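Peer 1:
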Amino acid sequence: MPYATPAPLLEVGPRHGRAAAPGRVAADRRGERRTTPVRSLALEPVMSQPHLVPTFAVISGAQVQHALQDREKQIVDLVEATYHLHAAGESVNPPSYFLRFPDRPTARIIALPASIGGPAPVDGVKWISSFPDNVQAGIPRASAVLILNDHDTGYPFACLESSIISATRTAASAALAADHLTRNRLRPTRIGFFGTGLIARYIHTFLTALGWSFEETGVHDLSGDSAAGFRDHVQQSDATGQVTVHETAEAVIRSSDLVVFATIAGEPHIGDPAWFDHNPLVLHVSLRDLAPEVILASANIVDDVDHCLKAGTSPHLAEQLTGNRDFLHGTLADVMTGRVTPPTDRPLVFSPFGLGVLDLAVGAYVYNETARSGHLHVIEDFFHDLRRHG
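Encoded structure:
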């Protein structure tokens, strides 16, 4: 069935009002009403007295990792709640902005501004760079920061290292999709990873934490060293079953019921729909691996239609080829609420563009966990000259 805009999942009351101080839990707002309960784990990190200048804190990658460690189930719940808020119109998630470089065509820096409403409003922007050539130098492709803004004054109150936040929300989204998109089909017992970097590692960690186990794990990467390193990681984890490094993309796809694409591909490189004749679930996290022919031969779920069908993603290319969006079945939120049940007679592809609201939700969670621990690094006098007149 073609994609149709979903009806609101819930109704919420006013976005604005008195809020809790950074790191504190806000009391429930009065006057809000919901037709479907949504639980938000992002405690409200905004000022308790409107129009006061907040303090400014810097949260390091080590602190981010500490706040998120062993919290996979909580983060998946948080991501699910944020998807519901987004589907209900309780967010502002403008298009991402791409800074590209004529002398470095593979590199880009992306701004993802967003605002979350509902019971725990927070605004901000993620600034994430993707420099694939970094890998050859032995450093990660992506680096990022996240700025959180006070909802009442607009003042930024925190800067967080965000490559870990980005990988975490990406993996949580993938694990959430794997759960909901297999509820009406046989649960996969064979998983294949095409691309074996940091994102693949985080997705494997989240799936394992959520109780997934596989009889077979397939691994494929253009870098033999990367594939071998990921194989060793899987073998050293609590995962059971056989781990195989496949020499070809076709081999890892045909031998997997759940296929994870986590590559740095800038254009499609998988073009034969016959490789997917066994109707696997495909977590198309890297967005540009599949040719339009593969997309059109599959059922397709996205995180957000307008965001996903742009910037040369595989679904965007399919739209350009056909001139319509009839190949889309709906969004992950549609599936979670029961509005859409994906067919089981063809491959099922989930293509998540990645929403800034997810970064905000996870970032707010990290902020509050760090503040509650008493280890928030506040930069004294960050906002210095606050007088309107001399």
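Position 326 of the sequence shown, counted from 1, bears residue number 334 in the numbering used here, the numbering being contiguous throughout.
No residue lacks a Cβ here, since even glycine has one placed at the ideal position from N, Cα and C.
A quick note: this is a predicted structure, and the numbers were derived from the prediction, not measured.
Is it buried or exposed for Phe402, if we count other Cβ within 10 angstroms and need 16 for buried?
Peer 2: Since the first residue of the chain shown is 9 and the last is 398, residue 402 is not available in this structure.
Peer 1: Which value, in whole angstroms, describes the spacing of the CA atoms of Tyr105 and Ile147?
Peer 2: Each residue's Cα considered, the two are about 24 Å apart.
Peer 1: Under the assumption that Thr90 contacts Ala369 (Cβ atoms under 8 Å), give the Cβ distance between them as a whole number of angstroms.
Peer 2: Between Ala369 and Thr90 the Cβ distance is about 4 Å, and since that is below 8 Å, they are a contact.
Peer 1: Using the beta-carbon count (16 or more within 10 Å), is Ser48 buried or exposed?
Peer 2: Low local confidence applies: a pLDDT of 46 at Ser48 is under 50, so the model's placement there is unreliable, with the coordinate-based value given in what follows. Buried.
Peer 1: Can you list, in chain order, the residues of its chain whose CB lies under 8 Å from that of Gln244, leaving out five sequence neighbours each side?
Peer 2: Result list for Gln244: empty, nothing under 8 Å.
Peer 1: Who are the near neighbours of Asp246 in its chain, counting only those whose CB is closer than 8 Å to its CB and skipping five residues on each side?
Peer 2: Taken in chain order, the residues that qualify are Thr216.
Peer 1: Go through the region 258-293 residue by residue and report every complete run of the beta strand (DSSP E) that reaches 3 residues or more, in order.
Peer 2: For the region 258-293, whole beta strand (DSSP E) runs of length 3 or above, ordered along the chain, are 266-269 and 289-292.
Peer 1: Is Arg262 near the ligand NAD, going by C-beta to nearest heavy atom under 6 Å?
Peer 2: The ligand NAD is not part of the structure shown, which contains no ligands of any sort.
Peer 1: For Gly200, which three-state DSSP category applies?
Peer 2: It is a strand residue.
Peer 1: By DSSP's criteria, Gly226 is part of a beta bridge. Which residues make up the other side?
Peer 2: Answer is Gly200 and Thr252, bridged to Gly226.
Peer 1: Exposed or buried, Arg108, counting other C-beta atoms within 10 Å across all chains shown (16 or more means buried)?
Peer 2: Flag for Arg108 reads exposed.
Peer 1: So what does DSSP say about Pro62, is it helix, strand or coil?
Peer 2: In this structure, Pro62 counts as coil in the three-state DSSP scheme.
Peer 1: Where do the N-terminal and C-terminal ends of the alpha helix (DSSP H) with Ile173 fall, by residue?
Peer 2: Run containing Ile173: Ser171 to His188, per the alpha helix (DSSP H) assignment.
Peer 1: With distances taken from CA atoms, which of Ala150, Pro140, Arg149 and Thr176 is nearest Asp85?
Peer 2: Here the closest residue by C-alpha is Thr176.
Peer 1: With which residues is Cys167 paired in a DSSP beta bridge?
Peer 2: Paired residue(s): Val66 and Ile155.
Peer 1: Ala282: buried (16+ other C-beta within 10 angstroms of its C-beta) or exposed?
Peer 2: Looking at its Cβ environment, which holds fewer than 16 other Cβ atoms inside 10 Å, Ala282 is exposed.
Peer 1: What residue does the beta strand (DSSP E) around Asn376 start on, and which one ends it?
Peer 2: Premise fails: Asn376 lies in the alpha helix (DSSP H), Gly364 to Ser381, not in any beta strand (DSSP E).
Peer 1: Count the CB pairs spanning the region 315-333 and the region 374-392 that are closer than 8 Å, and state whether there are at least three.
Peer 2: Not touching, per the Cβ criterion.
Peer 1: Short of 8 Å in beta carbon distance, which residues of its chain neighbour Ser263, apart from the five on each side in sequence? Order them along the chain.
Peer 2: Same-chain partners within the cutoff: Arg198, Gly200, Glu224, Gly226, Thr252 and His254.
Peer 1: Would you kindly work out how many angstroms separate the C-alpha atoms of Val268 and Thr190, rounded to a whole number?
Peer 2: Rounded to the nearest angstrom, the two C-alpha atoms are 14 Å apart.
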